[in-house]
Amino acid sequence: MPHPDEREASDARYDFAAIQAKWLPVWEELQPFRTDAPGDKRPRKYVLDMFPYPSGDLHMGHAEAFGFGDIVARYWRQQGFNVLHPIGWDSFGLPAENAAIKRGIDPRGWTYDNIAQQKRSFRLYAPSFDWSRELHTSDPEYYKWNQWLFLKLYEKGLAYRKAGTVNWCPNDQTVLANEQVVDGRCERCGFLVEKKKLTQWYFRVTDYGDRLLDDLNQLEGAWPPRVLTMQRNWIGRSVGADVEFAIEGRDEPISIYTTRPDTLYGATFMVVAPDSDLAAELVADADPAVRERFDDYLKQTQATTDIERLSSDREKTGVFLDRYAVNPLNGERIPIWAADYVLADYGHGAIMAVPAHDQRDLDFARAFGLPVRVVVDTNAPVTGAIPIIPTDPETGEAVLPDDLPPLDPAETGVALTGDGRLINSGPFNGLSKNNAIHRVIEALDAASIGRASRNFRLRDWLISRQRYWGTPIPIIHCETCGEVPVPEDQLPVRLPDAEGLDLKPKGTSPLGAATEWATVDCPKCGGAATRDSDTMDTFVDSSWYYLRYLSANDDTQAFDPAEVEKWAPVDQYVGGVEHAILHLLYSRFITKVLFDLGYVSFTEPFTSLLNQGQVILNGAAMSKSKGNLVEFADELRQHGADALRVTLAFAGPPEDDIDWADVSAAGSAKFLARAWRVAHDVTSSPDVEWKTGDTALRRVTHRLLADAPGLIESYKFNVVVARLMELVNATRKVIDSGAGPQDAAVREAAETVTLVLNLFAPYTAEDMWQALGYEPTVAAQTWRKADPSLLVEDSVTAIVQVDGKVRDRFEVSPHVGADELEALARASEPVHRALGAREIAAVIVRAPRLVNIATKK
Numbered sequence: 001m002p003h004p005d006e007r008e009a010s011d012a013r014y015d016f017a018a019i020q021a022k023w024l025p026v027w028e029e030l031q032p033f034r035t036d037a038p039g040d041k042r043p044r045k046y047v048l049d050m051f052p053y054p055s056g057d058l059h060m061g062h063a064e065a066f067g068f069g070d071i072v073a074r075y076w077r078q079q080g081f082n083v084l085h086p087i088g089w090d091s092f093g094l095p096a097e098n099a100a101i102k103r104g105i106d107p108r109g110w111t112y113d114n115i116a117q118q119k120r121s122f123r124l125y126a127p128s129f130d131w132s133r134e135l136h137t138s139d140p141e142y143y144k145w146n147q148w149l150f151l152k153l154y155e156k157g158l159a160y161r162k163a164g165t166v167n168w169c170p171n172d173q174t175v176l177a178n179e180q181v182v183d184g185r186c187e188r189c190g191f192l193v194e195k196k197k198l199t200q201w202y203f204r205v206t207d208y209g210d211r212l213l214d215d216l217n218q219l220e221g222a223w224p225p226r227v228l229t230m231q232r233n234w235i236g237r238s239v240g241a242d243v244e245f246a247i248e249g250r251d252e253p254i255s256i257y258t259t260r261p262d263t264l265y266g267a268t269f270m271v272v273a274p275d276s277d278l279a280a281e282l283v284a285d286a287d288p289a290v291r292e293r294f295d296d297y298l299k300q301t302q303a304t305t306d307i308e309r310l311s312s313d314r315e316k317t318g319v320f321l322d323r324y325a326v327n328p329l330n331g332e333r334i335p336i337w338a339a340d341y342v343l344a345d346y347g348h349g350a351i352m353a354v355p356a357h358d359q360r361d362l363d364f365a366r367a368f369g370l371p372v373r374v375v376v377d378t379n380a381p382v383t384g385a386i387p388i389i390p391t392d393p394e395t396g397e398a399v400l401p402d403d404l405p406p407l408d409p410a411e412t413g414v415a416l417t418g419d420g421r422l423i424n425s426g427p428f429n430g431l432s433k434n435n436a437i438h439r440v441i442e443a444l445d446a447a448s449i450g451r452a453s454r455n456f457r458l459r460d461w462l463i464s465r466q467r468y469w470g471t472p473i474p475i476i477h478c479e480t481c482g483e484v485p486v487p488e489d490q491l492p493v494r495l496p497d498a499e500g501l502d503l504k505p506k507g508t509s510p511l512g513a514a515t516e517w518a519t520v521d522c523p524k525c526g527g528a529a530t531r532d533s534d535t536m537d538t539f540v541d542s543s544w545y546y547l548r549y550l551s552a553n554d555d556t557q558a559f560d561p562a563e564v565e566k567w568a569p570v571d572q573y574v575g576g577v578e579h580a581i582l583h584l585l586y587s588r589f590i591t592k593v594l595f596d597l598g599y600v601s602f603t604e605p606f607t608s609l610l611n612q613g614q615v616i617l618n619g620a621a622m623s624k625s626k627g628n629l630v631e632f633a634d635e636l637r638q639h640g641a642d643a644l645r646v647t648l649a650f651a652g653p654p655e656d657d658i659d660w661a662d663v664s665a666a667g668s669a670k671f672l673a674r675a676w677r678v679a680h681d682v683t684s685s686p687d688v689e690w691k692t693g694d695t696a697l698r699r700v701t702h703r704l705l706a707d708a709p710g711l712i713e714s715y716k717f718n719v720v721v722a723r724l725m726e727l728v729n730a731t732r733k734v735i736d737s738g739a740g741p742q743d744a745a746v747r748e749a750a751e752t753v754t755l756v757l758n759l760f761a762p763y764t765a766e767d768m769w770q771a772l773g774y775e776p777t778v779a780a781q782t783w784r785k786a787d788p789s790l791l792v793e794d795s796v797t798a799i800v801q802v803d804g805k806v807r808d809r810f811e812v813s814p815h816v817g818a819d820e821l822e823a824l825a826r827a828s829e830p831v832h833r834a835l836g837a838r839e840i841a842a843v844i845v846r847a848p849r850l851v852n853i854a855t856k857k
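Numbering (the working numbering), first residue to last: 1 to 857.
Written as C-alpha cells, this is what we have:
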C-alpha cells in the first residue's frame with residue numbers, strides 16, 4: 001500500500017493549468033468536433049446552445065448554460081452520433097449601441113472586441129464547438145439573409161407597415177414589442193414605458209396564432225411544462241363572437257368582440273379605449289366641454305402603463321362621450337364611455353359592458369351609477385330540465401335555500417360569473433350558458449349582425465427600431481411608387497459607417513441623417529427615393545440562426561435545403577427560461593412561415609428544450625452594484641475549467657438556481673485530482689483481460705455504464721457525477737488493497753471513469769486517456785456497453801428498523817419474498833433487544849431491502 005505522503009505527492013502532480021496548456025493546442029490542431037467530413041455515415045444529432053450576446057467577457061451564467069449543453073453534445077458523440085454543436089454571437093442590439101455611445105466609440109469596435117474576448121474564454125472553457133461554423137449576426141454576410149427573410153415575408157403579406165400606438169422607451173428612444181415590456185418597464189434599461197403614435201413595421205404573427213398554440217401539443221414531454229404554459233398564456237386564444245353595434249350618428253357599425261355573447265341582453269353600456277382611433281373619431285365633433293374632458297383623460301391614460309390599466313384592484317375612471325350605441329338584439333340605446341381599463345389593441349378597442357357578469361364592468365358601473373342587469377341566474381342548475389321553483393302556499397313567493405347568494409351585483413359588488421340559466425333575455429330565457437352562447441351566435445349570424453370569432457392575446461410582432469446598430473429594413477420609399485422592396489440582387493443593404501453620425505437616442509433613427517446612404521433611386525421608376533431608416537428588432541436575427549449554422553460559409557443562400565434535411569430541426573436546445581416567450585415564440589413563427597414557403601419540412605424548430613437556472617450568490621442574483629459578483633475569469637484562473645464544469649454539473653438539477661456560496665469548486669478540483677491519480681496508478685496493459693479482475697469493482701463499473709445514459713438523457717447530471725465519485729472511491733480501495741493497481745478491474749474502472757468524465761471535465765479526461773496508453777482524443781471514443789451478467793446482484797443489504805431506527809443489517813437474495821424477509825427480521829437478535837417487552841403494532845416490508853417494525857405506545 002502506498003504511503004499516505006506518497007499519495008499526497010501524487011495529488012500534487014495534478015496541475016490543471018499545465019494540463020490545459022498541454023491539450024488546448026492539440027485540440028486546436030486536431031479539430032475533433034468538425035462535422036463536415038465527407039462520407040460520414042453516422043446518424044446525426046444537432047445540439048444547440050442559445051448563442052451569447054457580446055456584452056463583455058463570459059459570466060457564470062454562460063459557464064452553466066454552455067457547460068450543460070456540452071455535456072449533452074459530448075454524450076451523443078460517445079453514443080455514435082455525428083453531433084453538430086455550433087457557436088456564434090447575437091451581436092446586434094441596443095446594449096452594444098448604448099455602450100458605444102457612452103464611450104464615444106463605434107458599436108462595431110466595442111462589439112467585435114467583446115466577441116474576441118469571449119472567444120478566448122470559450123476556447124479555454126473547452127466546449128465541443130465546431131468553430132468552422134462560427135457566425136456573428138452583425139456581419140453583412142449574416143444580416144443580408146435577415147433582409148432576404150424580410151422580403152419573403154413581405155411578398156407573402158406577412159410584413160406590413162402601419163400607424164398605431166406603440167410602446168416607447170424614453171431612455172433608449174426606440175419602440176418596444178409588447179413582449180419587451182416587463183411590469184411596465186423597458187426590459188433593457190428599466191425605464192417606464194410610454195405610449196406613442198408612430199408608423200412602424202410589423203410581422204403578422206397573429207395569422208399563425210392557432211398553429212402556434214395547437215402545435216405546442218407536439219412538444220409535450222420534450223419542453224419544460226412551465227415554458228409550454230407561458231407560451232399558451234401569451235398566445236391567449238379565446239373563442240367568442242364579433243357583434244355589430246350601430247352607433248348613432250355613424251354610418252358604419254362597430255364590431256365588438258366578446259367571449260360571452262349569451263350576456264348580450266345584459267349589456268347596459270359600451271366602453272372604448274381612450275387611446276383608440278375609435279374614441280378619437282367619436283369625440284371629433286363633440287361638444288367642446290366633452291372634448292376637453294376627453295383630452296385631459298387621454299393624457300392621463302397615456303401616462304399610465306398597460307399593467308396599471310389592467311389591474312383589478314385599481315379605481316375605475318372614465319369619461320362619457322355623449323354618444324350612444326344600439327344593442328343589436330334588443331334595440332336598447334346604451335351610452336358610450338371611454339375608460340382606461342380597455343386597451344386599444346384588445347379585440348377592436350371597444351367592449352360591450354355587462355356589469356352583472358364581469359367584475360371590471362361592475363366596478364365601473366358602480367363608480368358611475370350605470371345600470372346593472374342580471375341575465376344569467378347562477379342559482380339555477382345547468383343540467384336536466386328547467387326546475388320548478390317551489391313557492392310558499394300562503395304568500396305565493398318563491399322559496400329559495402338560505403345559502404344561495406343574492407342575485408343583485410349592484411348591491412353586493414360581486415359579479416355573477418358562474419354557470420346558470422338565462423333570464424331577462426327574451427327568446428333565450430331558460431337556456432344554459434353554454435347552449436345560449438351557441439344559440440345567440442346562430443341568431444347573430446342569421447341576422448348578419450355578428451359571427452363566431454376567435455381572439456388572441458398575442459399581438460403582431462413590431463420589428464421597427466429607431467436605432468443604428470441593427471439590420472437595415474430593405475424597403476425604399478418613393479413618392480410615386482410607394483413602398484418598394486430592395487431587389488434581392490442588391491442585398492445586403494449595408495449599414496453606413498458610424499463615423500460622423502450622431503448615435504444618441506433622439507426618437508428617430510440615426511440612419512435618416514446618413515444622407516448619402518439614405519438617398520437612392522427608386523428601383524421601379526428610377527425617380528428620387530429614400531431608404532427606410534429603421535432597423536430590425538434583434539429577435540429577427542435569432543429567430544432563424546439555427547438554420548444559418550447549417551450553411552454558415554455559403555454566400556449564395558441563407559441555408560442549403562439539403563443541409564437542413566440532414567440536420568434540422570434541432571434535437572436539443574439549451575438556454576434560459578427568460579427566453580420562454582420572446583425568442584422561442586418568434587423562432588416558432590419564422591419556422592412555420594418557412595415551412596409554408598417550402599424551405600423546410602418541419603414546423604417546430606427545437607425538438608427538445610433544456611432550461612438552466614441562474615447562478616446566484618447568497619440567495620440573490622449577482623450584480624456589480626450589489627457587490628456580489630462572481631467573475632467567471634477569476635474562477636477560471638483559480639480553479640480551472642474542469643473544476644468549474646464539474647461544480648456546476650454536480651450542484652443540482654439543471655433547472656434549479658445554483659448558489660455559488662453553497663458549492664465548492666475547490667472540492668471539485670480535489671475530486672478531479674483523485675480521478676486523475678487513479679488513471680496514472682494503473683499498471684496493467686490496455687489489452688489485459690478485464691474478466692479476471694475484482695468482481696465487486698466490475699459491478700460498480702458496469703452499473704455506471706448501464707445507468708448513466710438514462711440519467712444524462714433525463715438531465716440528471718449531478719447524479720452521474722455522484723456515481724463517478726462512487727466509482728473513483730471504489731477503484732481507489734482496490735488499488736490500495738492487496739490486488740493493487742495491476743488488477744484488470746482497476747484498468748476497466750479507470751477507463752470508464754475517463755470516458756464518462758469526458759462529459760464534464762475534458763482536460764482531465766484527455767490527460768487520463770493518455771496516461772492509460774491511448775492516443776487523443778477521448779471525446780471520439782464510443783460508449784461501452786454494460787455486461788448484463790454484472791448487473792445481476794448476488795445479494796443485497798436488507799435493513800431492519802424498529803420505530804424508525806436502524807437496528808440490524810444483513811445480506812439476502814435479491815429475490816427474497818416478503819414473508820421470508822419478515823421472518824428473518826423477527827429472528828434477529830438486535831431486533832429482539834430493541835423490541836424488549838413492547839408489543840408490535842405493524843410490520844411494513846419492502847422486499848428485498850427494508851423491514852420497518854412499529855410498536856404500540
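Even for Gly, the Cβ is constructed at its ideal location relative to N, Cα and C. Quantities reported herein were computed from a predicted structural model and do not represent experimental measurements.
Curious, which full-length beta strand (DSSP E) runs of at least 3 residues does the segment 178-230 contain? 194-203
Let me check understanding here. Comparing Cα to Cα, which of Asp130, Val193, Trp145 and Trp201 lies closest to Lys162? Taking the sequence shown and counting its residues from 1, one reaches residue 162 at position 162. Ranking Asp130, Val193, Trp145 and Trp201 by Cα distance to Lys162 puts Trp201 first.
Would Pro387 be called buried (16 or more neighbouring beta carbons within 10 Å of its own) or exposed? Counting from one through the sequence shown, the residue named residue 387 turns up at place 387. Reliability fails at Pro387, whose pLDDT of 44 lies under 50, so the model's placement of it is uncertain and no value is given.
Excluding five sequence neighbours on each side, which residues of the same chain lie with their C-beta closer than 7 Å to the C-beta of Pro492? Here residue 492 refers to the residue found at position 492 when the sequence shown is read from its first residue. Once the five neighbours on either side are set aside, the close Cβ partners of Pro492 are Pro140, Tyr143, Lys144 and Gln147.
Out of Pro605, Asn628 and Leu644, which has the shortest C-alpha to C-alpha gap to Leu219? Along the sequence shown, read from residue 1 onward, the residue named residue 219 stands at position 219. Answer by Cα proximity: Pro605.
Check the DSSP bridge columns for Ile256 and list the partner residues they point to. Position 256 of the sequence shown holds residue 256. For Ile256, the pairing in a beta bridge is given by DSSP as Val243.
Under the rule that 16 or more other beta-carbon atoms within 10 Å means buried, what is Val414, buried or exposed? As a working mapping, residue 414 is identified with position 414 in the sequence shown. It counts as exposed.
Rounded C-alpha distance that separates Ala854 from Ala834: For this step, residue 854 is matched to residue 854 along the sequence shown. For this step, residue 834 is matched to residue 834 along the sequence shown. Looking at the backbone, the Cα of Ala854 and that of Ala834 are separated by about 11 Å.
Please classify Thr797: is it buried, with 16 or more other beta-carbons within 10 angstroms of its beta-carbon, or exposed? Stepping through the sequence shown from its first residue, residue 797 is reached at position 797. Exposed, since its Cβ has fewer than 16 Cβ neighbours within 10 Å.
Coil, strand or helix - Gln612 by DSSP: Here the question's residue 612 lines up with position 612 in the sequence shown. Three-state DSSP puts Gln612 in a strand.
Inter-residue Cα distance where the pair is Asp767 and Leu755: As a position in the sequence shown, residue 767 is number 767, starting the count at 1. As a position in the sequence shown, residue 755 is number 755, starting the count at 1. Approximately 11 Å between the Cα atoms of the pair.
Quick check on DSSP: helix, strand or coil for Ala552? Numbered from its first residue, the sequence shown carries residue 552 at position 552. DSSP places Ala552 in coil when its eight states are reduced to three.
Let me make sure I understand the geometry here. Which of Phe294, Asp736, Ala745 and Leu704 has the alpha-carbon closest to that of Glu723? Along the sequence shown, one-based indexing puts residue 723 at 723. In the sequence as displayed, the identity of residue 723 is Arg instead of Glu. With distances taken between Cα atoms, Arg723 lies closest to Leu704.
Are the CB atoms of Val354 and Arg260 nearer to each other than 8 Å? Taking the first residue of the sequence shown as position 1, residue 354 is located at position 354. Taking the first residue of the sequence shown as position 1, residue 260 is located at position 260. Against a cut-off of 8 Å, the Cβ pair of Arg260 and Val354 comes out as a contact.
Per DSSP, Leu824 is paired with what? In the sequence shown, residue 824 corresponds to position 824, counting from 1. Paired residues: none, contrary to the question.
Compare the beta carbon distance of Val564 and Ala649 with 8 Å and say whether it is the shorter of the two. Position 564 of the sequence shown, counted from the start, is the residue given in the question as residue 564. Position 649 of the sequence shown, counted from the start, is the residue given in the question as residue 649. The answer is no: Cβ separation not under 8 Å.
Below 7 Å CB to CB, which residues in the same chain sit around Asn424 once its five sequence neighbours on both sides are set aside? The residue labelled residue 424 in the question sits at position 424 within the sequence shown. Once the five neighbours on either side are set aside, the close Cβ partners of Asn424 are Tyr265, Arg373, Val374 and Val375.
Quick one: Cα of Asp70 to Cα of Leu759, how far? Looking up residue 70 in the sequence shown gives position 70. Looking up residue 759 in the sequence shown gives position 759. About 7 Å.
At what residues does the alpha helix (DSSP H) containing Leu835 begin and finish? Here residue 835 corresponds to residue number 835 of the sequence shown, with the count starting at 1. Its alpha helix (DSSP H) spans residues Glu829 to Leu835.
Can you tell me where the beta strand (DSSP E) with Glu483 in it begins and where it stops? Here residue 483 is taken as the residue at index 483 of the sequence shown, counted from 1. Gly482 to Pro485 is the extent of the beta strand (DSSP E) around Glu483.
Are the beta-carbon atoms belonging to Val831 and Asp808 less than 8 Å from one another? Residue numbering aside, residue 831 sits at position 831 when the sequence shown is read from its first letter. Residue numbering aside, residue 808 sits at position 808 when the sequence shown is read from its first letter. Yes, these two residues count as a Cβ contact at 8 Å.
Shortest alpha-carbon distance to Lys524 belongs to which of Ala765, His477, Glu631 and Glu726? Here the question's residue 524 lines up with position 524 in the sequence shown. It is His477.
Thinking Phe632 and His59 are a contact (beta carbons under 8 Å), I'd like their distance in whole angstroms, please. Numbered from 1 along the sequence shown, position 632 holds the residue referred to as residue 632. Numbered from 1 along the sequence shown, position 59 holds the residue referred to as residue 59. The beta carbons of Phe632 and His59 sit about 5 Å from each other, so the pair counts as a contact at 8 Å.
Secondary structure at Ser464, three-state DSSP: helix, strand or coil? Position 464 of the sequence shown, counted from the first residue, corresponds to residue 464. Ser464: strand per DSSP, three-state reduction.
Which residues mark the beginning and the end of the alpha helix (DSSP H) in which Pro762 is found? Working through the sequence shown from its first residue, we reach residue 762 at position 762. Counting along the chain, the alpha helix (DSSP H) containing Pro762 begins and ends at Pro762 to Ala771.
For Phe33 and Asp172, the rounded distance between their alpha carbons: Sequence index remark: in the sequence shown, residue 172 carries index 172 (1-based). Sequence index remark: in the sequence shown, residue 33 carries index 33 (1-based). Rounded to whole angstroms, Asp172 to Phe33 spans 41 Å at the Cα level.
Select from Thr111, Ser132 and Val205 the residue whose C-alpha is nearest the C-alpha of Thr591. What you label residue 591 is simply residue 591 of the sequence shown in a count that begins at 1. Nearest option by C-alpha distance: Val205.
As assigned by DSSP and simplified to three states, the class of Ala744: On the sequence shown, residue 744 is found 744 positions in, with the first residue counted as 1. The answer is helix: DSSP assigns Ala744 an H, G or I state.
Which value, in whole angstroms, describes the spacing of the CA atoms of Asp251 and Asp361? Taking the sequence shown and counting its residues from 1, the one referred to as residue 251 is at position 251. Taking the sequence shown and counting its residues from 1, the one referred to as residue 361 is at position 361. Distance between the alpha carbons of Asp251 and Asp361 is about 27 Å.
Pick out the complete alpha helix (DSSP H) segments inside the segment 676-728, 4 residues or longer, and give them in chain order. 695-713
Beta-carbon within less than 7 Å of Pro474's beta-carbon, same chain only, minus the 5 sequence neighbours each way: which residues are those? Working through the sequence shown from its first residue, we reach residue 474 at position 474. Setting aside the 5 residues that flank it on each side, Pro474 is surrounded in the same chain by Gln147, Phe150, Leu151, Pro485, Val486, Leu491 and Val493, each with a C-beta closer than 7 Å to its C-beta; the list follows chain order.
Given a threshold of 16 other Cβ atoms within 10 Å of its Cβ, counted over all protein chains shown, does Glu64 qualify as buried or as exposed? Here residue 64 corresponds to residue number 64 of the sequence shown, with the count starting at 1. By the neighbour-count rule (16 or more Cβ atoms within 10 Å), Glu64 is buried.
Would you mind stating whether Trp89 and Ala100 have Cβ atoms separated by less than 8 Å? Locating residue 89 in the sequence shown gives position 89, where the first residue counts as 1. Locating residue 100 in the sequence shown gives position 100, where the first residue counts as 1. In this structure, Ala100 does not lie closer than 8 Å to Trp89 by Cβ.
Are there 16 or more other CB atoms within 10 angstroms of the CB of Thr692, so buried, or fewer, so exposed? Within the sequence shown, the letter at position 692 stands for residue 692. The residue in question, Thr692, is exposed, as its Cβ has fewer than 16 Cβ neighbours within 10 Å.
The beta strand (DSSP E) enclosing Arg807, as first and last residue numbers: Along the sequence shown, read from residue 1 onward, the residue named residue 807 stands at position 807. Note, Arg807: beta strand (DSSP E), Lys805 to Val812.
If you scan the segment 553-591 from start to end, which runs of the alpha helix (DSSP H) of 4 or more residues do you find wholly inside it? 561-567
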